[in-house]
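Read top to bottom, the protein sequences are chains A and B. Here the first sequence stands for residues 6 to 176, where the numbers follow the numbering used here. Here the second sequence stands for residues 14 to 452, where the numbers follow the numbering used here. Every residue gets a Cβ at the ideal spot worked out from N, C-alpha and C, and that includes glycine. Here is the structure we will look at, set down as structure tokens.
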Amino acid sequence: MSSLTKVGALLAMLALGACSNSGIFGLDDTLGDGTGATGEYAEGSPDDPRSIAHFQERVGDRVLFAVDQSSLTSDGELVLLGQANWLLENSAYKAVIEGHADEQGTREYNLALGARRASAVKEYLVSRGVASNRLTTVSYGKERPLEVCSAEACYAQNRRAVTVLQADLNF
Amino acid sequence: MIRVLAALLVGLFVVGQAAQAQNGPLRIEITDGVVEPLPYAVPNFVPENSASGGYAKELARVIASDLSGTGLFREISEKAHISKITNFASPVQFADWKAVNAQALITGAVKVSGNQLEVKFRVYDVFAGQELGNGLRFKGTVDGWRRMAHKVADAVYSRITGEGGYFDSRVVFVSETGPKNDRKKRLAIMDYDGANLQYLTDSSAIVLAPRFSPMGDKVLYTSYETGFPQVYILDVGSVKRRVLHNEEGSMSFAPRFAPDGKSLLLSITRGGNTDIFKMDIASGRQTRLTSSPAIDTAPSFSPDGSQIVFESDRSGSQQLYVMPANGGEPRRISFGQGRYGTPVWSPRGDLVAFTKQNKGRFHIGVMRTDGSEERLLTASFLDEGPTWAPNGRVIMFTRETQGANGSASLFSVDVSGRNLKKVKLAGGGSDPAWSPLQK
């Protein structure tokens, strides 16, 4: 495949992605729902380093937290370093960072805890050079669990902050 | 003839009040001890014209459901009745009601004229052979017939216990449908017993934790309508809503009205830090009440408006604090094991209800406002978010069951810890808020 056809194929893929998932540009899910990694919002091929799919699957779009904590783990920082580099290279994207908590907490507290987690991620990305006006935070508290069992295996996956990419419409 | 007919663990404050409020011999003493529900009869009301026939039985059924639902009263079924009440004005055959051990008897009559309903009732102390208080009459439109039944039951409850009633009240809550990882939430309102359910929002955005205004005509709640959690105010009658706090890059939640209904408390999160603010509803002007780097949330006014109870993790874990209404140094009131959240000041002013999380279990509990005399009323996988009945005797809350198919329901429990029961509801529900007694 010549490099021109490759670019053409990539553009087609991106276009198809956009068509099959018009919500990414629409108002209905500009915030995503924190379930991006399941693939339904993935755009493009993970092999394309500029794709959302690549960000989600190869860079890693989420970090996990210990019980009732919002400090980043060293694994988490590694993922976020990758996110920061990706965002610096792909300036056409903004991101909403969604903070979540597991179900073992009261509703209001978990909302505030999710906000702390999202904010910790934002602060890290900004410290690595990502412009803060490209990053928005929101907390879902315990309202949007990814895993549904009532056991630590699920809780660990639900205590998360997910970086959801949005194409920057002003680009 | 003084009969100690029933007893309930509540605390001494109730005893004193009950003992002085009532002079009649028929009495439920709500105090420490064994519960013996008071047997009563409520025969079908007497239809005074043909149009009222349909209501005669239904009114009696709603009254019985209210009274028996408290756990303080036990109905003597109609099958056991010897006497029939066929004329509201005729003398009561006390011997016939004594024979079936009905200690209280409620008789009534109903008349329909056009769309107007008139309900009369009397309460009798059967063993004393006399009326308890005077007969009363309520008038209203026919579609409000359940409210009239609740008003009768409130009057009976009040006369026999010496306390205010709570049956003529409503509950606003979050109706829940769908699986745990795709829960749809809508604001809904219903009578306290689950009747007359109405939806106030659709399920397009997550809604959380509605709270009634002191008059019961407005509701504060949190919605993700803009994509971010923000506090809204909604008019119950017109269902019109408006956002109260919509600031870019911040979120707001945990709203609760001040006792005068003109301002509210809420939590606002900026840069990951959550503090408590007071907001004037008309002007939108905000006053900061806390400024710690901790999570400060779930504020609730004392009924006199002088103090605020809230939760904070400033000590390192979620605990309860009380501060003056205009902010200032908070004092911690929770010192037991575990974490404490969602405090709500009782309408009587003497207790704070809360959620406690300890050793993997959740509890609804109450303590005095200085933190003393903590009592846990419930225990389960997940109980949270207490709200007080208007008379401060009953608490409603959310109970969520565990596991992949877990779902949320509304439960109520006496402040004594007795009479735990699920509120009748089609589908799931969470975050109940009890209205004041309706006018």
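Starting from residue i, trace the beta strand (DSSP E) both ways and give me its first and last residue.
| i | result |
| --- | --- |
| D396 (chain B) | D396 to W401 |
| A267 (chain B) | S263 to F270 |
| L118 (chain B) | A117 to S126 |
| E157 (chain A) | E157 (chain A) -> not in any beta strand (DSSP E); alpha helix (DSSP H) instead, spanning E157 to N163. |
| G378 (chain B) | R374 to R381 |
| Y334 (chain B) | Q332 to P337 |
| H94 (chain B) | First-last for H94 (chain B): undefined, no H or E at that position. |
| D248 (chain B) | Q243 to D248 |
| K291 (chain B) | N286 to D293 |
| T300 (chain B) | Q299 to R301 |
So residue i contacts chain A; which residues on that side make the cut at Cβ distance below 9 Å?
| i | result |
| --- | --- |
| F394 (chain B) | S155 |
| P502 (chain B) | Chain B is shown from 14 up to 452; residue 502 (chain B) falls before or after that span and cannot be answered. |
| G262 (chain B) | T141 and T142 |
Could you tell me which chain A residues have their CB closer than 8 Å to the CB of residue i, listed as they occur along the chain?
| i | result |
| --- | --- |
| A201 (chain B) | Near A201 (chain B) there are no residues of chain A at all, since even the closest Cβ is about 17 Å away, more than 8 Å. |
| K9 (chain B) | A query on residue 9 (chain B) cannot be resolved here, the shown segment of chain B reaching from 14 to 452 and no further. |
| E397 (chain B) | T111 and R112 |
Mind listing the chain B neighbours of residue i? Cutoff is C-beta to C-beta under 9 Å, in chain order.
| i | result |
| --- | --- |
| V196 (chain A) | Residue 196 (chain A) lies beyond the stretch modelled for chain A, which goes from 6 to 176, so this question has no answer here. |
| S132 (chain A) | Simply none; closest approach about 14 Å. |
Hey, residue i and residue j are a contact pair by Cβ (cut 8 Å); roughly how many whole angstroms apart?
| i | j | result |
| --- | --- | --- |
| V123 (chain B) | S65 (chain B) | 4 Å |
| L80 (chain B) | A208 (chain B) | Not quite, the Cβ-Cβ distance comes to about 16 Å (not below 8 Å), so this is no contact. |
| G108 (chain A) | I219 (chain B) | Before going further, note that residue 108 (chain A) is Glu rather than Gly in the sequence given. Incorrect: roughly 15 Å between the Cβ atoms, too far for contact. |
| T120 (chain B) | P56 (chain B) | 7 Å |
| W110 (chain B) | V139 (chain B) | 4 Å |
| G419 (chain B) | K193 (chain B) | 6 Å |
| R412 (chain B) | D396 (chain B) | 5 Å |
| G104 (chain A) | R122 (chain A) | 4 Å |
| G285 (chain B) | S76 (chain A) | Not really, about 12 Å apart at Cβ, beyond 8 Å. |
| T300 (chain B) | E113 (chain A) | At roughly 20 Å, the Cβ-Cβ gap does not stay under 8 Å, so T300 (chain B) and E113 (chain A) are not in contact. |
| L118 (chain B) | L85 (chain B) | Not quite, the Cβ-Cβ distance comes to about 16 Å (not below 8 Å), so this is no contact. |
Along chain A, which residues have their Cβ under 7 Å away from the Cβ of residue i?
| i | result |
| --- | --- |
| I219 (chain B) | E148 |
| F241 (chain B) | V143 |
| G419 (chain B) | S155 |
| G416 (chain B) | C154 and S155 |
| Q331 (chain B) | Y114 |
| T368 (chain B) | T111 |
Taking residue i as the reference, give the member of the options with the closest Cα.
| i | options | result |
| --- | --- | --- |
| R406 (chain B) | B:A115, B:F323, B:D363 and B:Q129 | B:D363 |
| L333 (chain B) | B:L390, B:F367 and B:G341 | B:F367 |
| T303 (chain B) | B:R344, B:E397 and B:P316 | B:R344 |
| L72 (chain B) | B:L221, B:W358, B:F58 and B:F270 | B:F58 |
| E88 (chain B) | B:R159, B:S126 and B:Q116 | B:Q116 |
| T239 (chain B) | A:S144, A:G134 and A:R67 | A:S144 |
| A71 (chain A) | A:V169, A:A166, A:T168 and A:A161 | A:A161 |
| I246 (chain B) | B:A222, B:L149 and B:V125 | B:A222 |
| S210 (chain B) | B:L51, B:V249, B:H94 and B:F266 | Correcting the residue type first, residue 210 (chain B) is Leu in the shown sequence and not Ser. L210 (chain B) has its Cα closest to that of B:V249, out of B:L51, B:V249, B:H94 and B:F266. |
| V113 (chain B) | B:K92, B:A102 and B:T99 | B:K92 |
| T190 (chain B) | B:K372, B:G84, B:D215 and B:Y170 | B:D215 |
| G297 (chain B) | B:R327, B:V335 and B:L257 | B:L257 |
| T382 (chain B) | B:P445, B:V365 and B:G127 | B:V365 |
Which chain B residues sit within Cβ distance under 8 Å of residue i?
| i | result |
| --- | --- |
| E113 (chain A) | A222, F266, A267, S280, T310, A311, E324, G354 and T355 |
| L69 (chain A) | Within chain B, no residue comes near L69 (chain A); the closest Cβ sits about 17 Å away, beyond 8 Å. |
Kindly indicate the opening and closing residues of the alpha helix (DSSP H) around residue i.
| i | result |
| --- | --- |
| M228 (chain B) | Per DSSP, M228 (chain B) belongs to no alpha helix (DSSP H) and is neither H nor E. |
| R112 (chain A) | R112 to S132 |
| R74 (chain B) | G66 to G82 |
| V84 (chain A) | S79 to E94 |
| I173 (chain B) | W158 to T174 |
| D204 (chain B) | Note, D204 (chain B): premise wrong, no alpha helix (DSSP H); beta strand (DSSP E) at K197 to D204. |
| F101 (chain B) | Here F101 (chain B) belongs to no alpha helix (DSSP H), and DSSP marks it neither H nor E. |
| F107 (chain B) | F107 to A112 |
Does the beta carbon of residue i come closer than 9 Å to any beta carbon on chain D?
| i | result |
| --- | --- |
| D80 (chain A) | Looking for chain D here will not work: the only protein chains present are A and B. |
Anyone know if the C-beta pair for residue i and residue j falls short of 9 Å?
| i | j | result |
| --- | --- | --- |
| F314 (chain B) | P272 (chain B) | yes |
| G441 (chain B) | S188 (chain B) | yes |
| G477 (chain B) | D181 (chain B) | The requested residue 477 (chain B) does not occur in the structure, where chain B is confined to residues 14 to 452. |
| R374 (chain B) | S347 (chain B) | no |
| M292 (chain B) | S276 (chain B) | yes |
| L39 (chain B) | R196 (chain B) | no |
| V185 (chain B) | L200 (chain B) | yes |
| E131 (chain B) | K152 (chain B) | yes |
| S12 (chain B) | L438 (chain B) | This structure cannot speak to residue 12 (chain B), because chain B is shown only from 14 to 452. |
| F410 (chain B) | P403 (chain B) | no |
| S325 (chain B) | R352 (chain B) | no |
| S359 (chain B) | L390 (chain B) | no |
| D73 (chain A) | L116 (chain A) | no |
Just to make sure I have the definition right: I need the residues of chain B whose C-beta is within less than 7 Å of the C-beta of residue i. Which are they?
| i | result |
| --- | --- |
| R121 (chain A) | G285 |
| L116 (chain A) | P242 and F266 |
| S124 (chain A) | G284 and G285 |
Does at least one heavy atom of the ligand HEM sit under 8 Å from the Cβ of residue i?
| i | result |
| --- | --- |
| N163 (chain A) | The ligand HEM is not among the ligands present in this structure, which contains no ligands whatsoever. |
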